[in-house]
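Beneath this line is the structure, given in structure tokens, with notes to follow.
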Amino acid sequence: MTSALAACGRGTGANDGLLRVGSQKGGTKSLMLASGALDGISYKVEWSEFPAAQNLLEALGSGAVDLGLVGDAPFQFAYQAGSPIKAIGAQVADQRKPGAIALIVPAASSIRDAKGLKGKRIATTRGSVGHYLLLRALLSAGLGLKDVTAVFLSPSDSRAALQAGAVDGWSTWQPYVATAQADGDRIAIEGRGLAQGVGFDIAYDGAIKDKQPLLTDFLQREAKALTWASEHLDAYAKVLSQETGLPLPIAKETVVTNSRLRAPINQQLIDQQQVVLDTFRQFGEVKSDRPLKDAFVLSA
């Protein structure tokens, strides 16, 4: 990745002393702080917190932040909407664990599988991995969007709607899955086998041009932090809990289910992402035709 990213960076580097990094619900920030991966850096990292990938991607697209980690589905959704961003790093789970992405329902719900979604109201965040899971679940059961009512809400509003009985289910991700389970809800549809769950480090085009040395250094440190986290789940969970206010058991469940390692961005990975884009297009959620290959900076 280093040489490929370097080839993209041909700016003046005027802002090379500051890297603005977005973090979802403490994720990247907690990872880097817990691991000590930023010890000894020669530049400043300015953190911004976001409740969901969509908010982070809006900030990236406007140039308010330089870099941030999001799931594959929201990245494709934002890129196809014309956002000036690219994926410069990838993270994959060496062994997918249940619960990272799931559709949750109240304990007494009649929904037990994807076929049970027919006629139901399902909350999710538009363009999110939860949205993508809902679409893949419908396809797996031979259903279409006409068979359900998709209610697009923020994570906090989705949780409130589920608790109030305004929706029948909520398609979401960690730590919201673990939080809902702690409140007594259960998983009706698990994401493994339906959603790929790849995470991408997304950079603003301007940052790729002007801050290549910082981006390269940060990604190298992040890769080491991911390895550290896979071997120190308790320590990582403790910092995540402190940074976000999540109860420690929920923080632990989050770091376990979301455990990932660095992976190269190669043609095989890009080809696998085609199913994400095709699914959004099949349901009419994405109508543009930006070439998928142009959304990525290949790893060296």
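Heads up, the sequence shown is in the numbering used here, so the first residue is -9 and it goes up one at a time. C-beta atoms are modelled at their ideal positions from N, C-alpha and C, and glycine is treated no differently.
DSSP has Q14 in a bridge; who is on the other side? When DSSP reads this structure, Q14 sits in a beta bridge with F40.
Neighbourhood of E233 by C-beta distance below 8 Å, restricted to the same chain and skipping five residues each side: Closer than 8 Å at Cβ, skipping near neighbours: G16, K19, S20, L23.
So for D56, helix, strand or coil by DSSP? Of the three classes helix, strand and coil, the one that applies to D56 here is coil, per DSSP.
Less than 8 Å between the CB atoms is what I'm expecting for R211 and Q81, so what's the real figure, rounded? Incorrect: roughly 14 Å between the Cβ atoms, too far for contact.
When the Cα atoms are used, what is the spatial distance from G7 to I198? Straight-line Cα distance between these residues: approximately 14 Å.
Comparing C-alpha positions only, which one of P74, P237, W218 sits nearest to G53? Per the Cα distances, P74.
May I ask you to report which of helix, strand or coil DSSP gives S146? In the structure shown, S146 adopts helical secondary structure according to DSSP, grouped into three states.
Work out the CA separation of Q171 and I78 for me, nearest whole Å. The straight-line gap separating the alpha-carbon atoms of I78 and Q171 is approximately 34 Å.
Whole beta strand (DSSP E) runs in the segment 186 to 222 with 3 or more residues, listed along the chain? Runs found: 189 to 194.
Anticipated Cβ contact below 8 Å, G120 with S161, distance rounded: Indeed, because the Cβ distance is near 4 Å, the residues count as touching under 8 Å.
Please state if the CB of Q257 and the CB of L282 are separated by a distance shorter than 8 Å. L282 is not a Cβ neighbour of Q257, given a cutoff of 8 Å.
What residues in its chain sit with their C-beta under 6 Å from that of A(-3), if we drop five residues either side in the sequence? With a pLDDT of 48 at A(-3), under the threshold of 50, the modelled position of that residue is not reliable, and the figure given next carries that caveat. Excluding residues within five positions, none has a Cβ falling inside 6 Å.
Evaluate G235 with the Cβ neighbour count: other Cβ atoms within 10 Å of its Cβ, from every protein chain shown; 16 or more gives buried, anything less gives exposed. That one is exposed.
Please report the straight-line C-alpha distance between D284 and G72, rounded to a whole angstrom. Going by the C-alpha atoms only, they are around 12 Å apart.
Nearest-angstrom Cα distance between K214 and K105? So the two alpha carbons sit approximately 42 Å from each other.
Should the segment 186 to 194 be called in touch with the segment 54 to 70, which here means at least 3 C-beta pairs below 8 Å? Per the Cβ contact rule, the segment 186 to 194 is in contact with the segment 54 to 70 (3 or more Cβ pairs under 8 Å).
Indicate, with yes or no, if the ligand MN has a heavy atom lying under 7 Å from the CB of I91. With respect to the ligand MN, the structure offers nothing, as it holds no ligand at all.
Can you look up G3 in the DSSP assignment and give me helix, strand or coil? For G3, the predicted model reports a pLDDT of 42, less than 50, meaning its position is unreliable; a value from the coordinates is still stated below. The answer is coil: DSSP assigns G3 none of H, G, I, E or B.
Would you tell me roughly how many angstroms separate the C-alpha atoms of P183 and S32, rounded to the nearest one? For clarity, residue 183 is Gly in the given sequence; the question names Pro instead. Cα to Cα, the separation comes out at about 42 Å.
Run the CB neighbour count on P239, radius 10 Å, all protein chains shown included, and call it buried at 16 or more, exposed below. Exposed: under 16 other Cβ atoms inside 10 Å.
For A151 and G51, the rounded distance between their alpha carbons: Using only the alpha carbons, I get a separation of about 29 Å.
Unbroken stretches of the beta strand (DSSP E), 3 residues or longer, contained in the segment 71 to 126: Taking only runs of at least 3 residues, the beta strand (DSSP E) segments lying wholly in the segment 71 to 126 are 75 to 82, 91 to 95, 111 to 114.
Under a three-way DSSP split, which group does A(-3) fall into? Annotation note: pLDDT 48 at A(-3) (below 50); position unreliable, coordinate value reported separately. Of the three classes helix, strand and coil, the one that applies to A(-3) here is helix, per DSSP.
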